[in-house]
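Numbering (my numbering), first residue to last: 32 to 355.
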Amino acid sequence: MSALLEIRNLKKEFAFGSILSRLRITAVDDVSFDINTSEIFALAGESGCGKTTTARMILGFEEITAGSIDHKRSVAPTDTRRDKVWLSHGVQAIFQNPFETFNPLRPVERYFFETVRNYKLADSDGKARTMVDETLRAVGLSFEEVSGRYPSEFSGGQLQRVSIARSLLTSPRLLIADEPVSMVDASLRMSIVNLFKQLRDEMHVSVLYITHDLATAYYVSDRIGIMFRGNLIELGVVEDVLMQPKHPYTQLLRESIPEADPNRRWTERVSLSDIEHEEYMRKGCRFAGRCPKAMEICRTDLPEDLRIGSVMVKCHLYAGECND
Ligand code: SF4
Numbered sequence: 032m033s034a035l036l037e038i039r040n041l042k043k044e045f046a047f048g049s050i051l052s053r054l055r056i057t058a059v060d061d062v063s064f065d066i067n068t069s070e071i072f073a074l075a076g077e078s079g080c081g082k083t084t085t086a087r088m089i090l091g092f093e094e095i096t097a098g099s100i101d102h103k104r105s106v107a108p109t110d111t112r113r114d115k116v117w118l119s120h121g122v123q124a125i126f127q128n129p130f131e132t133f134n135p136l137r138p139v140e141r142y143f144f145e146t147v148r149n150y151k152l153a154d155s156d157g158k159a160r161t162m163v164d165e166t167l168r169a170v171g172l173s174f175e176e177v178s179g180r181y182p183s184e185f186s187g188g189q190l191q192r193v194s195i196a197r198s199l200l201t202s203p204r205l206l207i208a209d210e211p212v213s214m215v216d217a218s219l220r221m222s223i224v225n226l227f228k229q230l231r232d233e234m235h236v237s238v239l240y241i242t243h244d245l246a247t248a249y250y251v252s253d254r255i256g257i258m259f260r261g262n263l264i265e266l267g268v269v270e271d272v273l274m275q276p277k278h279p280y281t282q283l284l285r286e287s288i289p290e291a292d293p294n295r296r297w298t299e300r301v302s303l304s305d306i307e308h309e310e311y312m313r314k315g316c317r318f319a320g321r322c323p324k325a326m327e328i329c330r331t332d333l334p335e336d337l338r339i340g341s342v343m344v345k346c347h348l349y350a351g352e353c354n355d
């Protein structure tokens, strides 16, 4: 499998407070992973772990503090505008709430025709309509079903499909879907995640699936990265990471959903707002304050990324087992 996107040592700092008492939080810290062609890669963790900030940097919505995001293999090497082509065509975002994606006062078809016009995707109205119909059919809808309808006339699941169809117009290589089913009824949730699988298999689109829901992540993704307080703490094939978690934090998450049931949402969420800041500022392992296996070294030294078999784990427990 070839890498579509190579992310290396990615870092994002945010500054808070006044000039005199400026505080810097490293929201994403030294994160590295690849997204392969025709792959669904899940980035999972609690709110505030850095997964959405990572996605926003890939989309070009946030400046990178340090590190790199290499998309060069996804755009023709002869194209001198590769960064521009990647950000305008190569990667598209699917947001959490489709009702916030569309203006309630505009028929949704207008968004499609605007995209066709803005990107000069068709040279006649007839071709534009055919193109719109084809992308809607790729998500199980049709132009007839959508034409003349306003956002409020769709269910959340239907409107999320409409949103995905619009993102397909530019033939993207990567979809970044940020909690795409969290606002969708449970009965329709599986149809959306199955759609991602279908797009991967039939159109060879890759998906970065951002979620706090381990059940759908297990069901839909090929590989998964678990984030905690800005660090990527475990990474590997989803079966390995979620069925035999190595990192104590992944084990804690996994215990909250004993069976990988795609229809069951992972809703347990520890309220961390009071200690979140303290964990971000921690010198050693950021999980040390809550880890049942913490050792002395955990409080002083940040663990390195260790490769154990096919899994990367960031934990001092495995220092003697590393196969690098
Ligand atoms: Fe726990 Fe130490 Fe591993 Fe962190 S590095 S998860 S504190 S054992």
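Positions of the beta carbon are idealized from the N, C-alpha and C atoms, including for glycine.
*Cutoff 8 Å; reference T166; Cβ partners in own chain excluding five residues on either side*: F143, A196, R197, L199 and L200
*From which residue to which residue does the beta strand (DSSP E) around N67 run?*
L54 to N67
_Within the continuous alpha helix (DSSP H) that includes S267, where are the two ends?_
The sequence as given places Gly at residue 267; Ser does not occur at that position. No alpha helix (DSSP H) contains G267, which is instead part of the beta strand (DSSP E) from N262 to V268.
_Residues around the ligand SF4, please: the condition is that the C-beta lies closer than 5 Å to some non-hydrogen atom of it._
P279, C316, F318, A319, C322, K324, A325, C329, P334, C346, H347 and L348
*Cβ atoms of N134 and A97: under 8 Å apart, would you say?*
no
*Work out the CA separation of K314 and A58 for me, nearest whole Å.*
14 Å
*Which whole-angstrom value is the C-beta distance of H278 and I257, which I expect to be below 8 Å?*
7 Å
_So, with DSSP's three-state summary, where would you put N134?_
coil
_Straight-line Cα distance separating G81 from I89_ = 13 Å
*Ranges of the beta strand (DSSP E) found wholly within the stretch 121-201, counting only runs of at least 3*: 122-125
*Ignore the nearest five residues each way along the sequence and tell me which others in A325's own chain have a CB closer than 7 Å to its CB.*
A319
_Cβ-based burial, L337 [other Cβ within 10 Å; buried from 16]_ = buried
_As a quick exercise: from Y311, I95 and S178, pick the residue whose alpha carbon is nearest that of D164._
S178
*Between P293 and Y249, what straight-line distance do the alpha-carbon atoms span, to the nearest angstrom?*
Any reading at P293 is ruled out, since the residue's pLDDT is 45, under 50, leaving its predicted position unreliable.
*Nearest-angstrom Cβ-Cβ length linking Q127 and S213, presumed shorter than 8 Å*: 6 Å
*Between the C-alpha atoms of Q275 and P323, what's the straight-line distance to the nearest angstrom?*
18 Å
_Suppose you measure from the CA of L206 to the CA of D244; what does that come to, to the nearest Å?_
18 Å
_Strand pairing of F72, partner residues [DSSP]_ = L239 and R254
*Are the beta-carbon atoms belonging to L284 and F64 less than 8 Å from one another?*
no
*Mind checking whether P182 and F227 have CB atoms under 8 Å apart?*
no
*CA-CA distance, R87 and V238?*
14 Å
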